[in-house]
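Chemist: Dumping the structure here so I can ask a few things about it.
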Amino acid sequence: MTDSSEELSRKIKEIVIESIVAGLTAPAGAAQKPPEPASGDIVFRGTLREVDDYFYGNMWTDGLPIVPPTLQEVERFLAFTERSPHEVIGALLPENREATIWNTAVNGVMAGCRPEYMPLLIAIVEAISDPEFRIEDAGSTPGWEALIILNGPIIKELDFNCGSGMMRVGRRPNSSVGRFLRLYMRNVAGLRVPPGATDKGSIGYSFNVVLAENEDAVAEIGWEPFSVDQGFQRGDNVVTVQSCVSISSPCYSGGTKPEEHMETIAEVIGKPMACWTGLSALSGRFHPLFVLSPSVAEVIAKGGWTKDDVRRYLYQKVKAPAGLLEKLTWQAGPTTFSFCQAVEENLVSKEFCQSTDPDRLIPVILRPEWVGVVVSGDPGRNQSRGYMQGHKQGPPISKRVVLPSGWEQPAQVIS
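Offset between the sequence shown (1-based) and the working numbering: plus 6.
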């Protein structure tokens, strides 16, 4: 999109076509890789530093020191599930490698998780193995990261942070489980940055720690937790994994009425999401997440608003000129896109093409019911934040966490 038509034509003839021909005429087997180790194989013996260097040299780490996945450590993780180590959960693109209970445990060890986190790790892998999640798009140029949202009693049982600084690296459960997912996407799905060749994120950013909801605050204001919005019962342990292409600036809002907070949230968090509206319309996927601090959510709830009221407000108030949104879409590559065409193809509602005036205001959010609302963060501050999801990435995928027998006495189990 930064080349002239002449330059683009030259590159296609001199680079793209030659590369295609070279790929099709290369000797059979020339690109084959050496066989990968089987589950349980001892791949290396050495000191802690030597193990770390060996794993890094094989592109099996995220560049940070790992915990060596010894057989003893892996077995400790497997003790927290009743499923077979050899069970195949799914196949992850782009390298079509099998996701198994065994390699879930291996990557959990490497990420610095504790063995009792294993039921969470399995649920996370189930989520990203769901074809609807579209793990194959995780290496696309927007450079999106996966975000784990956690609900249920397990938040307290395993000491996840849902208060001040909850999205910072620092609390072991939030940090290590978030790191696990990025390691797993790298080692099993095969999404590696250079010298790897499968992660094409133009810039990208680092992994997200786990976003745990403050369910006590949710209950106090009379709302249901995010997991209930996803179809589960209050009290279920649930992990939700969704793609996240960007994070908004911190948004401070004030006032004693819902409208006073929502007006600011719509302006600061909602409107910047406009650059993804057209791209999301092409695939019919748009699931932004709004994280409200307990103090902000309390004002909104006390004013009689439900989560659906929040969603409808954002849909109705967050708007931008259609011409601008089409321009932003064209500059990302789809140069023939228009919202009127998207309406004809039933990708968006008729509201997006009530006229052809480029200055007409249209919703930034495709559907109100696709907006996620989570309550978490410092209860003493009036801050909210947004996590943008859209384009070809799939919707948020939620899975129930299955705990092993005996978990009713977690202190005994965890010891």
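Beta carbons are placed, not taken as given, at the ideal position from N, Cα and C, and that holds for glycine.
So what does DSSP say about P179, is it helix, strand or coil?
Modeler: Here P179 sits in helix by DSSP.
Chemist: L217 and V380 - do their beta-carbons sit closer together than 9 Å?
Modeler: Going by C-beta atoms, V380 is nearer than 9 Å to L217.
Chemist: So, under 8 Å CB-CB, Q6 and C250 are touching, yes? Tell me the CB distance rounded to an integer number of Å.
Modeler: Beyond the ends of the chain as shown, which are 7 and 421, falls residue 6; an answer cannot be given.
Chemist: Under a three-way DSSP split, which group does E104 fall into?
Modeler: If DSSP states are grouped into helix, strand and coil, E104 belongs with the strands.
Chemist: Pull the bridge partners of L367 from the DSSP assignment, please.
Modeler: Partner(s): P327.
Chemist: Excluding the five sequence neighbours on either side, which residues of its own chain have a C-beta within less than 6 Å of the C-beta of P402, listed in chain order?
Modeler: Cβ neighbours of P402 beyond the five flanking positions: T246, Q248 and H293.
Chemist: To which residues of the same chain is F139 closer than 6 Å at the C-beta, ignoring the five residues directly before and after it?
Modeler: Closer than 6 Å at Cβ, skipping near neighbours: G400 and I403.
Chemist: Looking at the structure shown, is V316 part of a helix, part of a strand, or coil, going by DSSP?
Modeler: The answer is helix: DSSP assigns V316 an H, G or I state.
Chemist: Quick check on the DSSP output: the beta strand (DSSP E) that includes Q389 runs from which residue to which?
Modeler: First-last of the beta strand (DSSP E) with Q389: Q389 to M394.
Chemist: Using the Cβ count rule (16 or more neighbours within 10 Å means buried), how would you classify F345?
Modeler: Buried.
Chemist: Can you find the residues in the same chain that come closer than 6 Å, C-beta to C-beta, to G96, ignoring five residues on each side of it along the sequence?
Modeler: Cβ neighbours of G96 beyond the five flanking positions: A105 and S135.
Chemist: Would you say the region 150 to 162 touches the region 176 to 191, given that touching needs at least three Cβ pairs under 8 Å?
Modeler: Counting Cβ pairs under 8 Å, three or more are found: they touch.
Chemist: Taking the beta carbon of N64 as the centre, do at least 16 other beta carbons fall within 10 Å, making it buried, or is it exposed?
Modeler: Under this definition N64 is an exposed residue.
Chemist: Closer than 6 Å by C-beta to Y295: which residues in its own chain qualify, once you throw out the five before and the five after it? Chain order, please.
Modeler: It is worth fixing the name first, because residue 295 is Leu in this sequence and not Tyr. Counting only Cβ-Cβ distances below 6 Å, and skipping sequence neighbours, we find G378 and Y393.
Chemist: For the ligand ADP, any of its heavy atoms closer than 8 Å to the Cβ of V245?
Modeler: You won't find the ligand ADP in this model; it holds no ligand whatsoever.
Chemist: Spatial neighbours of A129 within its chain, please: CB distance less than 6 Å, with the 5 preceding and 5 following residues excluded, ordered by chain position.
Modeler: Contacts found: V245, K405 and V407.
Chemist: Identify every run of the alpha helix (DSSP H) within the region 256 to 288, keeping only runs that are complete inside it and at least 4 residues long; order them along the chain.
Modeler: Fully enclosed alpha helix (DSSP H) runs of 4 or longer: 264 to 271.
Chemist: Going straight from the alpha carbon of V419 to that of P41, what length do you get?
Modeler: Below a pLDDT of 50, predicted positions are generally treated as unreliable, and V419, at 43, falls in that range; the measurement from the model is reported next regardless. If I take the Cα positions, the gap works out to 38 Å.
Chemist: Which of the three DSSP states, helix, strand or coil, is assigned to I161?
Modeler: Of the three classes helix, strand and coil, the one that applies to I161 here is helix, per DSSP.
Chemist: In whole angstroms, what separates the C-alpha of I227 from that of A272?
Modeler: Between I227 and A272, the C-alpha separation is close to 21 Å.
Chemist: Between the Cα of P43 and those of R318, V73, R103 and D68, spot the shortest distance and give me the residue it belongs to.
Modeler: Per the Cα distances, R103.
Chemist: G52 and Y62 look like a contact to me (Cβ under 8 Å); what is the Cβ gap, rounded to whole Å?
Modeler: Not really, about 13 Å apart at Cβ, beyond 8 Å.
Chemist: Exposed or buried, S301, counting other C-beta atoms within 10 Å across all chains shown (16 or more means buried)?
Modeler: So S301 ends up on the buried side.
Chemist: Between the Cα of E375 and the Cα atoms of L353, R318 and P385, which residue gives the shortest distance?
Modeler: Checking every option, the nearest Cα to that of E375 belongs to R318.
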